[in-house]
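*Asks:* All residue numbers for the sequence shown refer to my numbering, where the first residue is 80 and numbers rise by one.
Note that beta-carbon positions come from the ideal geometry of N, C-alpha and C, so glycine has one too.
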Amino acid sequence: MEYQFKGNEDIIVVNVETDGPERFCATIDDRRREVVCRRISDYQLHLTVDGRQVTAFVAETPEGKAVMIEGRTWLLEDTAAAQTRRRGARRD
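Encoded structure:
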């Protein structure tokens, strides 16, 4: 399944192939990563990306999701959801 996100100011296209309940492969550009994802809490994920373990913190914001990994934060907006919201917006 393909997802498009606005990450900061760039459009990021991610192709995701699931491989079980906690496993998936994600491809961004030509880089393919094998990921195991375990939810620790509502705002924290334990990720193993190509065998390397990292912790991700996720928070909902009015603009989308803020994702912090290893001290770097990305603001991700689901572009498809944003387009749906804009199309459904009231016009006065």
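Distance, Cα to Cα, residue 94 vs residue 81?
*Replies:* Walking along the sequence shown from the start, residue 94 turns up at place 15. Walking along the sequence shown from the start, residue 81 turns up at place 2. Taking the straight line joining both Cα atoms gives about 4 angstroms.
*Asks:* Terminal residues of the continuous beta strand (DSSP E) containing residue 82?
*Replies:* For this step, residue 82 is matched to residue 3 along the sequence shown. Note, residue 82: beta strand (DSSP E), 81-86.
*Asks:* Would the beta-carbon of residue 110 fall within 8 angstroms of that of residue 104?
*Replies:* Working through the sequence shown from its first residue, we reach residue 110 at position 31. Working through the sequence shown from its first residue, we reach residue 104 at position 25. For residue 110 and residue 104, no; Cβs fall outside 8 angstroms.
*Asks:* Taking the CB atoms as reference points, tell me whether residue 146 and residue 133 lie closer together than 8 angstroms.
*Replies:* Numbered from 1 along the sequence shown, position 67 holds the residue referred to as residue 146. Numbered from 1 along the sequence shown, position 54 holds the residue referred to as residue 133. For residue 146 and residue 133, no; Cβs fall outside 8 angstroms.
*Asks:* Is the beta carbon of residue 143 sitting closer than 8 angstroms to the one on residue 121?
*Replies:* For the purposes of this step, residue 143 is taken as residue 64 along the sequence shown, with counting starting at 1. For the purposes of this step, residue 121 is taken as residue 42 along the sequence shown, with counting starting at 1. In this structure, residue 121 does not lie closer than 8 angstroms to residue 143 by Cβ.
*Asks:* Residue 128: which of 139, 119 and 115 sits nearest, CA to CA?
*Replies:* Taking the first residue of the sequence shown as 1, we reach residue 128 at position 49. Ranking 139, 119 and 115 by Cα distance to residue 128 puts 115 first.
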